[in-house]
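Novice:
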Amino acid sequence: MRSIVNNVKTFTDARTFVNCLSKIKKRKILMVISGSLVQNIVARIHHLPQIYSIFVFCRNKAKYEQWAKNWFKIKGVQTDFGMICELMKIAAKNFEKDSVDTSIILNSNAADQNMDFLDQSYMYTLLLKECLIAMKHDERSIQEFVDYCCDSHGNELQEWEIEQFQQEYHQHSPIWWYTAPHFLHSMLKDSLQTLDFEAIIKLGFFIRDLHEQLRKLHSEQFKEGKEKLLIVYRGQGLSRSDFQKLKSRVGNLFSFNYFLSTSPDCNISILSAKQAAKNQKFVGVLFMITVDLSISSTPFANIRNFHYHSGKEVVLFTTHSVFRIEQIQQIDQTSRFWLVTLTMMEHNDGYWCSLTKFMRNEIHGSTEWHRLGTLLRKICEFEKAFIWCVIPLKQTSDDFETWNLYHQLGMIKTELGDYTGAISYFQKSIEVYEKKSVINDPHLAESYTNIGNATFFMIEAVTGRNLSGYTKYPGENEVLLGPGTRLSVESNDLEISDGLKVVHLVEITDNNNETLPAIMNTISIKPKSGSSAYISIKNAYFQDQSE
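In the working numbering, the protein residues as written are 214 to 760.
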């Protein structure tokens, strides 16, 4: 059974089994149960979403077969355990295909779109993948992954499995590991589908290795002058809601958020699609994928010589491969079985190029660590962003990267409401440039600006104009100060919760006072609570009375 599934657990007590089952949320379960317990247990657990298939092992097949027809998750009643294992192999393959995550990418003007209108699961994992592939990974990456498995999955994984992986990783190719009945495959799939960013980052070394092997095989197998077109197939199930979404978006771009396994054999894929259609919750779909080899740059390759089951004909596409939905038609009028025709997207597709450029600009940065930190901040994973900025800080000797990382840490602390910590990191980023005696660098100004963003200004003014009733939002209480308003610093030593500094400013009404210190070009004061006002002061003059 360990050659079929990644983890096997046995139970002799029904109560212990049900309690354990209730704690499993993200994984799917293939369950084998004895005939003596089946009628009592199935009624209690059949509705649970984590139960994918149930198999009954008994002495009297005829006794349970009729009863089992009332429970659609029961996929077999057998007296031969070898037959149970064969049925489990089929179920495991069907689950892998039915559970592959997909995205439909909106087909409109990318330059005018906010990222919130795009498929977030696709967008964020694509950007994360690009960061991870561009990063350098070494033995420390493997050790960190092993430590993560022990700490986070110690109850689910066998210790020998983790040790075997660490000791034998370099003895096999990434494709071998990916296709082997090993926890690595399911962990990668689960992390991409559930957007478990911590797991995805820990698996970054493997994602990069697998992508690189596909890229090299692609360049070897599809050289110029050979075949111009490649047609492959994939049979799987889609939920009714996902299929309806697919039907309404013919002509749009479509992606599998995963490493995509396909077959050059149409008949094998048809069987998989028809098998999926037997589940009333699914629609059986046969994807026919056409690739123009003269214009495609996406890494994919036939992996028969590297597959765990050597010689098996599989064409594997790298994760987040993008296709265009050309046509959708029903194959069999009497069943839920459809043909979806896809074409591999051209690498110079104008819409796609503008879309990816738009998305990458959202997490721009000088280094991959910088981009990764920005991405994690954008999805509000502040604690993880902090950890992944501290790690390279201990390893780099480059001044600019050090500034970047201190700056990122300051931004993260600001988002977490730790303003003392934020100011501390911004000051450290300033010190990097002060040591180099660089006083006009724009990055230095950025650090000073962000220290200002961790400061709350309390302003006393008499010439401002109340804009209540004139702004976009009813009930908004906002005061506008005119251009050239001069303010003096009454005090700057106040402090409220979490280290947030308060500067008390008073408007100068005496026109004869000519003492004008340095100009602050732009100060943006962000709200620190729901009741705080948002104030932006342009070209404000400050007079520090302490001078």
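By construction, the Cβ of each residue, glycine as well, lies at the ideal position given by its N, Cα and C atoms.
If we call anything under 9 Å between Cβ atoms a contact, is THR511 one with MET557?
Specialist: Stepping through the sequence shown from its first residue, residue 511 is reached at position 298. Stepping through the sequence shown from its first residue, residue 557 is reached at position 344. Yes, the Cβ-Cβ distance between THR511 and MET557 is below 9 Å.
Novice: Assign TYR335 to one of three DSSP states: helix, strand, or coil.
Specialist: Here residue 335 is taken as the residue at index 122 of the sequence shown, counted from 1. Helix.
Novice: Please report the distance separating the alpha-carbon of ASP293 from that of ALA490.
Specialist: Taking the sequence shown and counting its residues from 1, one reaches residue 293 at position 80. Taking the sequence shown and counting its residues from 1, one reaches residue 490 at position 277. For ASP293 and ALA490, the distance between alpha carbons rounds to 26 Å.
Novice: Would you be able to state if there are at least three C-beta pairs under 8 Å between the segment 254-261 and the segment 225-233?
Specialist: Contact between the segment 225-233 and the segment 254-261 is present, because at least three Cβ pairs lie under 8 Å.
Novice: Which residue wins for smallest C-alpha separation from GLN540, given the options VAL463, ASN273, MET336, ILE237?
Specialist: Taking the first residue of the sequence shown as position 1, residue 540 is located at position 327. GLN540 has its Cα closest to that of VAL463, out of VAL463, ASN273, MET336, ILE237.
Novice: Can you give me the C-alpha to C-alpha distance between LEU300 and LEU405, rounded to a whole angstrom?
Specialist: In the sequence shown, residue 300 corresponds to position 87, counting from 1. In the sequence shown, residue 405 corresponds to position 192, counting from 1. LEU300 and LEU405: Cα-Cα distance of roughly 27 Å.
Novice: What residue range does the alpha helix (DSSP H) around ILE444 cover?
Specialist: Your numbering for residue 444 matches position 231 in the sequence shown. Taken as a continuous stretch (DSSP letters only), ILE444 belongs to no alpha helix (DSSP H), being part of the beta strand (DSSP E) at 442-452.
Novice: Given this structure, state the Cα-to-Cα distance separating LYS274 from ALA305, to the nearest angstrom.
Specialist: Here residue 274 is taken as the residue at index 61 of the sequence shown, counted from 1. Here residue 305 is taken as the residue at index 92 of the sequence shown, counted from 1. If I take the Cα positions, the gap works out to 23 Å.
Novice: Check the DSSP bridge columns for THR475 and list the partner residues they point to.
Specialist: Working through the sequence shown from its first residue, we reach residue 475 at position 262. THR475 pairs with VAL528.
Novice: Counting along the chain, where does the alpha helix (DSSP H) carrying ALA412 start and finish?
Specialist: Along the sequence shown, read from residue 1 onward, the residue named residue 412 stands at position 199. Taken as a continuous stretch (DSSP letters only), the alpha helix (DSSP H) holding ALA412 covers 410-415.
Novice: Judging by CA-CA distance, which residue of ARG421, TRP551, LEU473, PHE513 is the nearest neighbour of ILE483?
Specialist: By 1-based counting over the sequence shown, the position of residue 483 is 270. Nearest of ARG421, TRP551, LEU473, PHE513 to ILE483, Cα basis: TRP551.
Novice: Relative to the alpha-carbon of LEU506, which residue among GLU372, GLN434, LYS276, ARG272 has its alpha-carbon at the smallest distance?
Specialist: Counted from its first residue, the sequence shown places residue 506 at position 293. Nearest of GLU372, GLN434, LYS276, ARG272 to LEU506, Cα basis: GLN434.
Novice: Considering only residues of the segment 595-626, which uninterrupted alpha helix (DSSP H) runs meet the minimum length of 4 residues and lie entirely inside it, listed in chain order?
Specialist: The segment 595-626 contains these whole alpha helix (DSSP H) runs: 595-606.
Novice: Do ILE264 and LYS241 have their C-beta atoms within less than 9 Å of each other?
Specialist: Walking along the sequence shown from the start, residue 264 turns up at place 51. Walking along the sequence shown from the start, residue 241 turns up at place 28. Yes.
Novice: Assuming HIS533 contacts LEU339 (C-beta within less than 8 Å), just tell me the rounded distance between them.
Specialist: If you number the sequence shown from 1, residue 533 lands on position 320. If you number the sequence shown from 1, residue 339 lands on position 126. Sure, about 5 Å apart at Cβ, within 8 Å.
Novice: Can GLY623 and SER642 be called in contact, C-beta distance under 9 Å?
Specialist: Here residue 623 is taken as the residue at index 410 of the sequence shown, counted from 1. Here residue 642 is taken as the residue at index 429 of the sequence shown, counted from 1. In contact: GLY623 and SER642 (Cβ atoms closer than 9 Å).
Novice: With distances taken from CA atoms, which of CYS271, LYS302, LEU261, ASN617 is nearest TRP284?
Specialist: Position 71 of the sequence shown, counting from 1, holds the residue named residue 284. Out of CYS271, LYS302, LEU261, ASN617, LEU261 has the C-alpha closest to the C-alpha of TRP284.
Novice: Over what stretch of residues does the beta strand (DSSP E) that includes ARG590 continue unbroken?
Specialist: Reading the sequence shown from its first residue, position 377 is the one you call residue 590. Run containing ARG590: none in the beta strand (DSSP E); it sits in the alpha helix (DSSP H), 581-591.
Novice: Just checking, does the segment 439-450 make contact with the segment 373-386 on the three C-beta pairs under 8 Å criterion?
Specialist: No, they do not touch.
Novice: Using CA coordinates, which residue listed in GLU703, ILE388, ILE267 is at the minimum distance from PHE530?
Specialist: Within the sequence shown, numbered from 1, the residue matching residue 530 stands at position 317. Minimum Cα distance to PHE530 is reached at ILE388.
Novice: Would you mind reading off the limits of the alpha helix (DSSP H) that contains MET400?
Specialist: Taking the sequence shown and counting its residues from 1, one reaches residue 400 at position 187. Per DSSP, MET400 belongs to the alpha helix (DSSP H) from 396-407.
Novice: Helix, strand or coil, according to DSSP, for HIS717 in the structure here?
Specialist: As a first step, residue 717 is located in the sequence shown; it is residue number 504 there, counting from the start. Here HIS717 sits in strand by DSSP.
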